[in-house]
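S.K.: Please find one structure pasted underneath; my questions will follow.
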Amino acid sequence: MIVDASQLDAAAGALAALPGSVLVSSAGVSVVGAFDGVATGREARIKAAEQRLNRAKDVQETAAQAVRDGEEAVSEAQRRLEGARAGVRLTELEAKLTERRARLAELNAAIEEIAPKVAEAERQAGALDFRARTRDMEIERLEGRRHRHEAERAQSRDQEAKVTAERESLKLDALAADWGGPVETARGWLDALPEEERPRAAEEWWRIAERHFDQALRDTFPEEDAEIPEELQFLLSERGGSTAREQATFAAVCGALASYLRGQEDYERHQRRQIEAQVVSRQRDLAAAARGAEEAAQSTAVHRAALTAAIKARLTRVAEEFEKLDTSYGGYGATLEFPVPPAPADPEQRWQWRVTPKWRRGEGQGFVPYNRRANTALMDEKAVKLVCAAAIASSGGGHLCLVLDELGRNLGKEHRREAVALFRRIGETYGITVIGALQDDMEPYAIDACGQYVKLRRSSDAMPYNEPPVIVGHDQHAERVRALAAYVDRTAG
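In this note's numbering, each residue's number is its place in the sequence shown (first place is 1) plus 332.
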């Protein structure tokens, strides 16, 4: 059915109860319903089948929703049933709990009633137990004392028997007779002995006396080939053989040794007086030597101070000349660092001064020591100036000869020209004769700057070294060169 757009609402209301109605408006809005009857045409049948399928899906979804609602209702009913059962169980538990609480209250009351009696019983039991333990400990202590006393009594009996046997073996009556005095003096001597020496037996005292005698004999005659007095030598030879023989001759040997020692005491007393006199004389000599050493030390200090001042003055002058030469020939300034070394404690030691040349590598920079990394040309150029500065500072108006080797080895063209000009300047200004061994490439610079130039070379590398050399010379006066050549030829021949 096709209706006008203005009548769409009325048509929809009229066809609402009729299934399968289709309304098509001029605005392009379609409302598709479901048809109960079978439509004709393939497309109509497809649409009808789709509608039936959709209605079946809707019915299935409705049934599934009903099943889910039923399951939820069953779950809710089960929860309500479990809640009801839990309520019944809770009521029963509350009743039992009430009964238990009442029983507990009765038991607590009984415990409170019996507690004082139990505490008193426990206190009495603890007191009785403590008394029992104390009695047991006292019994054990008394038993231990009884055992110790019995052991001490047995030990005392053994000691008594031992002392009795020793007294019988010592033969005290014979010893008292040998002592030659009252027994009280011997007892007093024994009481004066240290505690560790009292238990010694007679045999031990005899061995100790023998050791002391041997030590005294070794101290008196320390050398094996020492001369021993005849009497003492005879007694020593008679002592050998047995212990009884040694004991019989012990007093005589000790007397002979004592007599010899008294004689040695008088001799050594005389020697000591002589030694003391020599010591006094040596002390006077030592005091005089100490005064002389002190005066020499003062003189040495004055001389060292003067020498230090002279060395510092000479090195300061060398530093000043080094500064002048460096600034005059394109440098930025140079100096010398020479800390004063401590004086040596031993006169045999060298008093070594350490001088460190330094120079600036740029305008306004600090001084850099010579051993800082630099190119060899710069090192040789500064070395030439330092040698010239030392020569100028050492000239002092006298004749000075400066001998150089390997001049210009690492210098460039400009620095070579400056070096030979500097040597010419110090030669002309300060009267210093400069003699140098040069390389071949330095020859033109030396000829231009020096008044005399002499070159000696071999005629051929294949010729022996003792062959006369080839002399090449330059001088303003040719005769002087010829005279030098004749002199060299005559010397070489």
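Cβ atoms here follow ideal geometry from the backbone N, Cα and C, with glycine treated the same way.
Could you compute how far the alpha carbon of L355 sits from the alpha carbon of G373?
M.R.: Because L355 sits at a pLDDT of 48, beneath the cut-off of 50, its placement in the model cannot be relied upon, and the following sentence gives the value as read from the coordinates. The alpha-carbon atoms of L355 and G373 are separated by roughly 19 Å.
S.K.: Any idea what DSSP makes of Q784, helix, strand or coil?
M.R.: DSSP, reduced to helix, strand and coil, places Q784 within a strand of the structure shown.
S.K.: Give every residue of the same chain whose Cβ lies closer than 6 Å to the Cβ of A753, excluding the five residues on either side of it in the sequence, and list them in chain order.
M.R.: A781
S.K.: From the DSSP output, read off the bridge partner residues of W691.
M.R.: A666, V700
S.K.: Let me confirm a value: M774 is counted as buried when at least 16 other C-beta atoms fall within 10 Å, else exposed. Which label applies?
M.R.: Under this definition M774 is a buried residue.
S.K.: Would you say the region 707-717 touches the region 660-668, given that touching needs at least three Cβ pairs under 8 Å?
M.R.: yes
S.K.: Would you identify the three-state DSSP class for G520, choosing helix, strand or coil?
M.R.: helix
S.K.: Report the CB separation of G763 from H731 in whole angstroms; it is logged as a contact under 8 Å.
M.R.: 7 Å
S.K.: Counting pairs of beta carbons, one from the region 643-663 and one from the region 721-728, are three or more of them closer than 8 Å?
M.R.: Output reads yes: the region 721-728 touches the region 643-663.
S.K.: May I have a chain-ordered list of the beta strand (DSSP E) segments no shorter than 3 residues that lie completely inside the region 368-403?
M.R.: none
S.K.: Distance check for A405 and L413, CA to CA, integer angstroms please.
M.R.: 12 Å
S.K.: Within 8 Å, do at least three Cβ pairs link the region 804-820 to the region 783-791?
M.R.: With three or more CB-CB distances shorter than 8 Å, the region 783-791 counts as touching the region 804-820.
S.K.: In whole angstroms, give me the CA-to-CA distance for E542 and E680.
M.R.: 57 Å
S.K.: Using only the alpha-carbon positions, how far apart do D390 and A342 sit?
M.R.: 28 Å
S.K.: Mapping DSSP to helix, strand and coil, what is H635?
M.R.: Helix, per DSSP.
S.K.: DSSP state of A769, grouped into three classes?
M.R.: strand
S.K.: Return the CA-CA distance between D708 and E652, expressed in angstroms with no decimal places.
M.R.: Note on residue identity: the sequence assigns Thr, not Asp, to residue 708. Distance between the alpha carbons of T708 and E652 is about 24 Å.
S.K.: Should E570 and T552 be called a contact, given that it needs their Cβ atoms to be closer than 7 Å?
M.R.: no
S.K.: The alpha helix (DSSP H) spanning G759 covers which residue range?
M.R.: 745-762
S.K.: Within 10 Å of its beta-carbon, does E750 have 16 or more other beta-carbons around it, so buried, or fewer, so exposed?
M.R.: buried
S.K.: Determine which residues share a DSSP beta bridge with V735 and list them.
M.R.: I767
S.K.: Could you tell me which of M711, A769, T765 sits nearest to D737, measuring between CA atoms?
M.R.: A769
S.K.: Looking at C-alpha atoms only, which residue of A721, S631, L429 is the closest neighbour of L657?
M.R.: A721
S.K.: Can you say whether E799 is buried or exposed, counting buried as having 16 or more other CB atoms within 10 angstroms of its CB?
M.R.: exposed
S.K.: So, at 8 Å on beta carbons, what are the nonlocal neighbours of G694 in its own chain, with the 5 sequence-adjacent residues on each side left out?
M.R.: Y664
S.K.: When the Cα atoms are used, what is the spatial distance from A434 to D468?
M.R.: 49 Å
S.K.: How long is the line joining the alpha carbons of K428 and N440, rounded to whole angstroms?
M.R.: 18 Å
S.K.: DSSP three-state label for H806, please.
M.R.: strand
S.K.: State the start and end residues of the unbroken alpha helix (DSSP H) segment that holds L568.
M.R.: 562-571
S.K.: How should L668 be labelled, buried or exposed, when 16 other C-beta atoms within 10 angstroms of its C-beta is the threshold for buried?
M.R.: buried
S.K.: Please state the DSSP three-state secondary structure of R682.
M.R.: coil
S.K.: Quick one: residues in its chain with C-beta nearer than 7 Å to the C-beta of S791, no 5 flanking neighbours on either side, listed in chain order?
M.R.: Setting aside the 5 residues that flank it on each side, S791 is surrounded in the same chain by E799, V802, each with a C-beta closer than 7 Å to its C-beta; the list follows chain order.
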